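Step one of this worksheet: look at the structure below.
Chains as they are written, first to last, in my numbering: chain A, 1 to 808; chain B, 1 to 111.
Okay, here's the thing in structure tokens:
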């Protein structure tokens, strides 16, 4: 006897299930109920509809004719009010009572709306159905839209609207876009592509409130105070399975409606498919598993054996011009290795995660032609040990021997472009070599090749090697670390010339060989970026050595030492009492006077740091930065105040200098000294920057050292006033910040560039250097102790204390 | 059977960072990588017992803050030319919480 089947929800999963049923001529009277006033359409094609690549009619999968042909009764724009499982009936909002033998839930999911103040304003929408899409399409050019959410859905919404001329800003709470599918490097490339489309992207942005006017959305307020004006606000932050109806009907529900491998719920006569279900702890948002579920549900309804199995998933972004692919997982688990390939010139990034010679995950950006092949390796768990060396290049390179890079360069035609910046071809370089250029410098001088951004340097050297044969040996330059072949200087040049403002940007554009750097390059890059882009770059504490991360010096037993600042070496009885009290209170074992005239509290426990700082802060003292690659101390003598030889107020100048320079980050530690007369009691001539006060003014000298190397400073300039001395010192400090290699003290840097060059630059660009120094100081001159006491004190305490637990 | 102890929410450990846990038999360092994997090691470098929780985390390694020994988070082995090993413990993330294996932590008593 023909049975009655009721299907609630006309989505992609139930559409596929109905197709399978009617094709197999299943013996059912079918009724399809849908809340939207339309039948099944391909929801994932809403993005092309939004961007104008498709029309709604083109994405309808089943039209009225189809339902008629297969005798499926439809109730569209109709909601189910109640389900009576005992009597097997469904009651609709029109009061109709329909009986069923089998019932299928395909209720999908609801977009999750963040309950921000103002989320109920007119003009705040989700991106879920055709109505939402229509709202976005109706917005029109020159209007402003803010999209909250930098995941798949949010970016498709943003790109679609941008294609229609809307001024779109994407606000994303995480550090990079699509963080669930992409790593930082691919996220960086994606961001770059979207910015090229005119979309503004704000990551690490916390939404605080939606502002309105006359009940309509006006702007989004971020918690840093930024106000983003908008006419429409789209929230695309995620979905939640729509389980209310199932819950009311008393079915077992967790995150979604619980189903077994046959898609049957806790009631044998009720099935569920699609985004509303939870299977083995997982819920589903992508289309492939939904179709699998649909088939299994249809087979179950027809009494056939079938089993739903969760499979590896891959993701692609449906945004024109953003070629992106991710599959498998690149987290969780031990024994995993990375293979990374970057081609900065083409904007290509590929990364494979391998475990026991099996590919577990893949992320690709820019060139995804081989993505299906890689996905196959993941899905079929193939052993890749034989092709490991060439795996990352894709299927075309398998089975052959790895290419000799020189052979590849030798095979290039004469008109192959080598240097993109200056449009120099291989032939021009060969001609220059024939005319007598035998090294990189000569080629640069005669052709300009590799003279701009420098990324083609390796290629130019290879052309030299191919052309000159044994006469040319590719020079081994000291690279920053094993993650790159580039030198510090080349990386700094790239950061400036290519406006690289984030670490992933540097990794990608400079072709880093690891996915995220190491303990050698990350602190250097962090410094370069914050020195060059103080306003745009956000400091990364995880790329700083522990001393700077915790604002105290680590000692051999893992305790720390703390040095409060004493401006110019001057202190007061009150400050000394506060230091003595702190030493008592935190049982500081050693109190020592440092070579820079400050008091060092040695042996403080890591977890006591915020408390001891709070006490020292309360007594008016701030961090002495004795741990920093930055300004540490300005050592002084007593000068004219008490000394019978003193020529100027050296203590006063020391205090002024310290107050101007404190908190500034530099390539290495920076120590200053000011002596009141040539007797030099402050030992200013073995400091990084020293000032000797004389009758006629101030001698500023630089490049001293009293560490592994002992050196005397060299005179840079003599000026008449304190103000001039301070300006010169700021200028030279900024020049050092902008140009020196990370971990080079001033004397090492001076050894490379020469004192004359420094003098000339300070003389000609002094005011501009000082201005840039001040700009940086406006951000970075702050007391990290006060900051951490307030915001990060928890980080200093143990994550957990299991002392009792483990003793049980 | 494993008996997992819930330690803390994942977000309490910064990405590419670590936090320390006290136990009756010394400290354990819990690491979180850029990709939100977690690892647990004894918080003492095999070289001179440097606190690994204070090191720089890169890839699946940590560099000891005292003398730059690089330790694999997965195996606890010192990398490169250095030789030595630090004890590692099973750790995982479930529903955004960090879990450690109680049995392994208890085995510290014998060690």
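Ideal placement from N, C-alpha and C gives every residue a C-beta, glycine not left out. Only a predicted model underlies this, so the values are computations on that prediction, with no experimental measurement involved.
How should residue 413 of chain A be labelled, buried or exposed, when 16 other C-beta atoms within 10 angstroms of its C-beta is the threshold for buried?
Exposed is the call here.
Please identify, using Cβ separations under 8 Å, the residues of the region 3–17 of chain B that lie next to chain A, in order along the chain.
Listed in sequence order: 5, 7, 8, 12, 13, 14, 15, 16 and 17.
Residue from B:61, B:14, B:57 and B:67 whose Cα sits closest to the Cα of residue 794 of chain A
Selection B:61, B:14, B:57 and B:67 evaluated against residue 794 of chain A yields B:14 as nearest (Cα-Cα).
Answer with yes or no whether the minimum CB distance from residue 49 of chain B to chain A is below 9 Å.
Output row for residue 49 of chain B: interface = yes.
Chain B contacts made by the region 171–202 of chain A, where a contact means CB separation under 9 Å:
Across the region 171–202 of chain A, CB contacts with chain B closer than 9 Å involve 175, 183 and 184, in sequence order along the chain.
Alpha-carbon to alpha-carbon, residue 328 of chain A and residue 100 of chain A:
Residue 100 of chain A and residue 328 of chain A: Cα-Cα distance of roughly 40 Å.
With residue 418 of chain A and residue 463 of chain A assumed to form a contact (beta carbons below 8 Å), what rounded beta-carbon distance in angstroms separates them?
Indeed, because the Cβ distance is near 6 Å, the residues count as touching under 8 Å.
Check whether the Cβ of residue 310 of chain A lies closer than 9 Å to any Cβ atom in chain B.
Not closer than 9 Å to any Cβ of chain B, the Cβ of residue 310 of chain A fails to qualify, so no.
Could you list which residues in chain B have their beta carbon closer than 9 Å to that of residue 519 of chain A, in chain order?
At a C-beta separation below 9 Å, residue 519 of chain A has these neighbours in chain B: 55, 56, 57, 58, 61, 62, 63, 68 and 70.
Using a Cβ-Cβ cut-off of less than 8 Å, list which residues of the region 334–350 of chain A approach chain B; keep chain order.
Result list: 334, 335, 336 and 338.
Can you pull the chain A neighbours of residue 19 of chain B, defined as C-beta to C-beta under 9 Å?
What residue 19 of chain B touches in chain A: 795, 797, 798, 799 and 800.
Alpha carbon to alpha carbon, how far is residue 623 of chain A from residue 355 of chain A?
Cα-Cα distance, rounded: 46 Å.
Answer with yes or no whether the minimum CB distance from residue 74 of chain B to chain A is below 9 Å.
For residue 74 of chain B, the answer is yes, since a Cβ of chain A falls inside 9 Å of its Cβ.
Whose CA, out of A:50, A:628 and A:656, lies closest to the CA of residue 569 of chain A?
The shortest Cα separation from residue 569 of chain A among A:50, A:628 and A:656 belongs to A:656.
Classify residue 311 of chain A as buried or exposed, calling it buried when 16 or more other Cβ atoms lie within 10 Å of its own Cβ.
Under the 10 Å beta carbon count, residue 311 of chain A is surrounded by fewer than 16 other beta carbons and is classified as exposed.
Who are the neighbours of residue 605 of chain A on chain B, taking C-beta pairs under 8 Å?
Per Cβ cutoff of 8 Å: no residues; residue 605 of chain A is ~11 Å from chain B at best.
Just curious, the beta strand (DSSP E) that residue 235 of chain A is in, first and last residue?
Start and end: 232–235.
Own chain partners of residue 402 of chain A with C-beta closer than 6 Å, once the 5 adjacent residues on each side are dropped
The pLDDT assigned to residue 402 of chain A is 47, lower than 50, so where the model puts this residue is not dependable; a value taken from the coordinates is nonetheless given after this. Around residue 402 of chain A, the same chain offers 389 and 390 as residues with beta carbons nearer than 6 Å, after the five sequence neighbours per side are excluded.
Consider the Cβ of residue 547 of chain A: report whether some Cβ of chain B lies at a distance smaller than 9 Å.
The beta carbon of residue 547 of chain A sits closer than 9 Å to some beta carbon of chain B.
Mind checking the region 20–47 of chain B against chain A and listing, in chain order, the residues whose C-beta falls within less than 7 Å of any C-beta there?
Listed in sequence order: 20, 21, 22, 23, 24, 25, 30, 34, 35, 36 and 37.
Using a C-beta to C-beta distance shorter than 9 Å, which residues of chain B count as neighbours of residue 699 of chain A?
What residue 699 of chain A touches in chain B: nothing, since even the nearest Cβ is about 39 Å away.
Could you give the residue range of the beta strand (DSSP E) that holds residue 94 of chain B?
First-last of the beta strand (DSSP E) with residue 94 of chain B: 91–94.
Regarding residue 501 of chain A and the ligand ADP, is the C-beta to nearest heavy atom distance less than 8 Å?
No copy of the ligand ADP appears in this structure; indeed no ligand is present at all.
Assuming residue 365 of chain A is part of the alpha helix (DSSP H), what are its boundary residues?
No alpha helix (DSSP H) holds residue 365 of chain A; the beta strand (DSSP E) holding it covers 358–365.
For the alpha helix (DSSP H) that contains residue 602 of chain A, what are its first and last residues?
First-last for residue 602 of chain A: 599–604, but that is the beta strand (DSSP E), not the alpha helix (DSSP H).
Here's a check: name, in chain order, each residue in its chain whose Cβ is nearer than 7 Å to the Cβ of residue 617 of chain A, leaving out the five neighbours to either side.
So the list reads 785, 786 and 789, once near-sequence residues are dropped.
What whole-angstrom Cβ distance do residue 74 of chain B and residue 39 of chain B have, given they're in contact under 8 Å?
About 7 Å; that satisfies the 8 Å criterion.
Which complete beta strand (DSSP E) runs does the region 36–94 of chain B hold, if anything under 3 residues is left out?
Whole beta strand (DSSP E) segments, 3+ residues: 38–42, 56–58, 61–63, 70–72 and 91–94.
DSSP three-state call for residue 447 of chain A: helix, strand or coil?
Note: residue 447 of chain A maps to helix in three-state DSSP.
CB contact below 9 Å: residue 742 of chain A versus chain B
With 9 Å as the cut-off, residue 742 of chain A does not count as an interface residue toward chain B.
Counting contacts by CB-CB distance shorter than 9 Å, is residue 561 of chain A in contact with chain B?
Not one beta carbon of chain B lies nearer than 9 Å to the beta carbon of residue 561 of chain A.
Helix, strand or coil, according to DSSP, for residue 719 of chain A in the structure here?
Strand, per DSSP.
Measuring alpha carbon to alpha carbon, tell me which residue in A:555, A:533, A:526 and A:535 is nearest residue 541 of chain A.
Closest option to residue 541 of chain A, Cα to Cα, is A:526.
Anticipated Cβ contact below 8 Å, residue 799 of chain A with residue 30 of chain B, distance rounded
Confirmed, Cβ separation roughly 6 Å.
DSSP three-state label for residue 328 of chain A, please.
Note: residue 328 of chain A maps to strand in three-state DSSP.
Proximal residues to residue 128 of chain A (C-beta, below 7 Å), its chain only, five neighbours per side dropped
Result list for residue 128 of chain A: 111, in chain order.
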